[in-house]
Amino acid sequence: IRRATEVRVTALVDSVNAAANSLDLLGITVRIDALTRLEDKSAADVDPLTISSINVGDYLEVRGAEMPAGSGDILATIVERDDVDTETILQGFVTAVANPSFTILGVTITTNGATQFRDVDDSPISAATFFGRVAAGSLVKAKGLETSTTTMTAEEVEFE
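Here the sequence shown stands for residues 1246 to 1405, where the numbers follow our numbering.
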């Protein structure tokens, strides 16, 4: 039996609390438990990877579910450390929309004239179409750059 993994965040680690088995990325608290799989795919290749060997500034991909629902926290199913990259990815359920921005897990995603918008089948759509259809509860993935602890500028957004 696997836990849900509809929520995904790929970003730099803001803080680590090994005693509480948690860490923060994009201002989102990620909890790790006994069922969380930790893998090191970075050049460091630490085996086994533990929360104690994760540092501020590490580049992680976290997949899991928002638990408890509506909390803005993630219970991680998988945590993978990769070599540092500048791309930030956030996938989750939209909680608020205010064109040209929307919010997922407390993170404000801002779009602009350079943002590419895509439908569920990966076909291009306009910003007007995207914002005409996106609503609270929509599953959306945003790729772009982290501009502050809880904001990012999207280069691409797509319905999932």
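All C-beta atoms in this analysis are idealised placements derived from N, C-alpha and C, irrespective of residue type, glycine included.
Terminal residues of the beta strand (DSSP E) in which residue i lies
i	result
Ala1407	For residue 1407 there is no data in the structure shown, the boundaries of the chain being 1246 and 1405.
Ser1267	1267-1270
Lys1286	Element bounds for Lys1286: n/a, residue is neither H nor E.
Ile1277	Element bounds for Ile1277: n/a, residue is neither H nor E.
Met1397	1396-1404
Ala1259	What sits at residue 1259 in the sequence shown is Asp, not Ala. Taken as a continuous stretch (DSSP letters only), the beta strand (DSSP E) holding Asp1259 covers 1252-1262.
Ala1387	1384-1393
Val1352	1352-1355
Thr1322	1319-1327
Ser1346	1346-1349
Ala1310	1304-1311
N- and C-terminal bounds of the alpha helix (DSSP H) containing residue i
i	result
Glu1377	Reading the sequence as shown, one finds Gly at residue 1377 and not Glu. Run containing Gly1377: 1372-1378, per the alpha helix (DSSP H) assignment.
Reference residue i, options the options, closest by Cα
i	options	result
Pro1293	Gly1302, Arg1282, Asp1303, Val1301	Arg1282
Val1324	Gln1361, Ala1289, Pro1369, Ile1299	Ile1299
Asp1367	Gly1351, Asp1278, Val1402	Val1402
Ala1264	Ile1273, Ala1343, Ile1277	Ile1277
Phe1338	Pro1369, Val1385, Ile1354	Val1385
Ile1273	Thr1348, Glu1284, Thr1295	Thr1348
Glu1332	Ser1267, Leu1271, Glu1391	Glu1391
Ile1422	Ala1399, Gln1361, Ser1267, Thr1398	The displayed coordinates of the chain run from 1246 to 1405. Any statement about residue 1422 would go beyond what the structure contains.
Asp1285	Phe1404, Arg1326, Leu1270	Arg1326
Ala1310	Thr1353, Thr1250, Ala1373, Asp1269	Thr1250
Asp1269	Phe1404, Thr1394, Ala1288, Ile1334	Thr1394
Thr1398	Thr1360, Gly1382, Ala1373, Pro1369	Thr1360
Val1252	Val1261, Ser1287, Gln1336	Gln1336
Environment of residue i [buried if 16+ CB atoms lie within 10 Å]
i	result
Gly1389	buried
Val1275	buried
Val1329	exposed
Leu1280	exposed
Asp1364	exposed
Gly1358	exposed
Asp1290	exposed
Ala1387	buried
Val1301	exposed
Ala1321	buried
Short CB-CB distance (under 9 Å) between residue i and chain B
i	result
Ala1263	This model lacks chain B altogether, as it is built from one protein chain only.
Take every Cβ of the stretch 1249-1259, pair it with every Cβ of the stretch 1298-1313, and state whether three or more of those distances are shorter than 8 Å.
They touch, by the three-pair rule.
Cβ contact check for the stretch 1369-1377 and the stretch 1316-1331: 3 or more pairs under 8 Å:
Not touching, per the Cβ criterion.
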